[in-house]
Structure formats: structure tokens, C-alpha cells
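Asks:
Residue numbers (my numbering): 379 to 509.
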């Protein structure tokens, strides 16, 4: 359970984000456009990296004290997700410019949303089959 729950949370979060972008793109990307237009990091943008870092910390605790086969895969996956979020926040001026270009290009964000849904399905499949 130490590994399955964080993997499920991460997988369902990816599915939620991907399907939100695919099913209601005007609303979702309007909200993202407002976030990327801000000079300072909006508070809502801080939530997902904080959750990913917390899940990564729980998973690394489990790797050390409740080790099971393939548990390290979940720890690495969540650590990479947390690091990506942290790096994007640390480089907010550059990331926001890239984000503004992304949210104004419908073909790019449709492709990104499909990739996010595929990643979420892969994480969930891993969580259900391995753990």
C-alpha cells in the first residue's frame, strides 16, 4: 500500500489534468493562460509540485523502510515529477513564456493532453499490475 497509493494518486492526477484539457479546453486553457500571464508565481501553481514532493517523500520512506520489488520505480517516477515542477517554478520567467506559447497553440496542447492521459494510464496500469 505504501507504493500503490502514491502511484494511484499520481496516475489519477495525470488523467484529471489530461481529460480537463481535452474535454473543456477553452475553460482549462483560459485558466492556464491567466496563470502564465502573472509575473509572480500564482499560488495555485505551487500546489501540484508540493503534492508531488510529498508523495515522493512518502515513497522514498517506503523504499527505505518497507522495501518491495519495483517500489523504487514509483519513487523515481514521483521524484522526477517533483523535480520537474520545482525546476519550472525556479525558472518561472522562462517557464511562463513557454507556457504562454503552449496555451495559445491548440495543436500543441491537444498533443500534450493526449500524452498526459497516456502517461496517467501507464502509471495506473503499473500501480494495478505490480502492486
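Backbone N, C-alpha and C fix where the C-beta goes; we use that ideal spot for every residue, glycine too.
Quick one: using the 10 Å Cβ neighbour count with 16 as the cut-off for buried, is residue 384 buried or exposed?
Replies: Answer is buried; the Cβ neighbour count reaches 16.
Asks: Using the Cα positions of residue 380 and residue 427, report the straight-line distance between them to the nearest angstrom.
Replies: So the alpha carbons of these two residues sit roughly 20 Å apart.
Asks: With distances taken between CB atoms, is the gap from residue 406 to residue 474 smaller than 8 Å?
Replies: Against a cut-off of 8 Å, the Cβ pair of residue 474 and residue 406 comes out as no contact.
Asks: Please name the residue, chosen from 464, 468 and 433, that lies closest to residue 454 on a Cα-to-Cα basis.
Replies: Checking every option, the nearest Cα to that of residue 454 belongs to 433.
Asks: Judging by CA-CA distance, which residue of 482, 481, 480 and 431 is the nearest neighbour of residue 461?
Replies: Residue 461 has its Cα closest to that of 431, out of 482, 481, 480 and 431.
Asks: Count the other CB atoms, across all protein chains shown, that sit within 10 Å of the CB of residue 443; report buried if there are 16 or more and exposed otherwise.
Replies: Exposed is the call here.
Asks: Sorted by chain position, which residues of the same chain lie with C-beta nearer than 6 Å to residue 459's C-beta, five sequence neighbours on each side aside?
Replies: Same-chain partners within the cutoff: 430.
Asks: Around the Cβ of residue 485, are there at least 16 other Cβ atoms within 10 angstroms (buried) or fewer (exposed)?
Replies: Label assigned to residue 485: exposed.
Asks: Check each candidate in 478, 508 and 493 and name the one with the smallest Cα separation from residue 393.
Replies: When each option's Cα is compared against that of residue 393, the closest is 493.
Asks: Do residue 495 and residue 487 come within 8 Å of each other at the CB atom, strictly closer than that value?
Replies: Against a cut-off of 8 Å, the Cβ pair of residue 495 and residue 487 comes out as no contact.
Asks: Classify residue 509 as helix, strand or coil using the three-state DSSP reduction.
Replies: DSSP places residue 509 in coil when its eight states are reduced to three.
Asks: Which of helix, strand or coil does DSSP assign to residue 468?
Replies: Residue 468 falls in the helix class under three-state DSSP.
Asks: Helix, strand or coil for residue 487? Go by DSSP, reduced to three states.
Replies: Three-state DSSP puts residue 487 in a helix.
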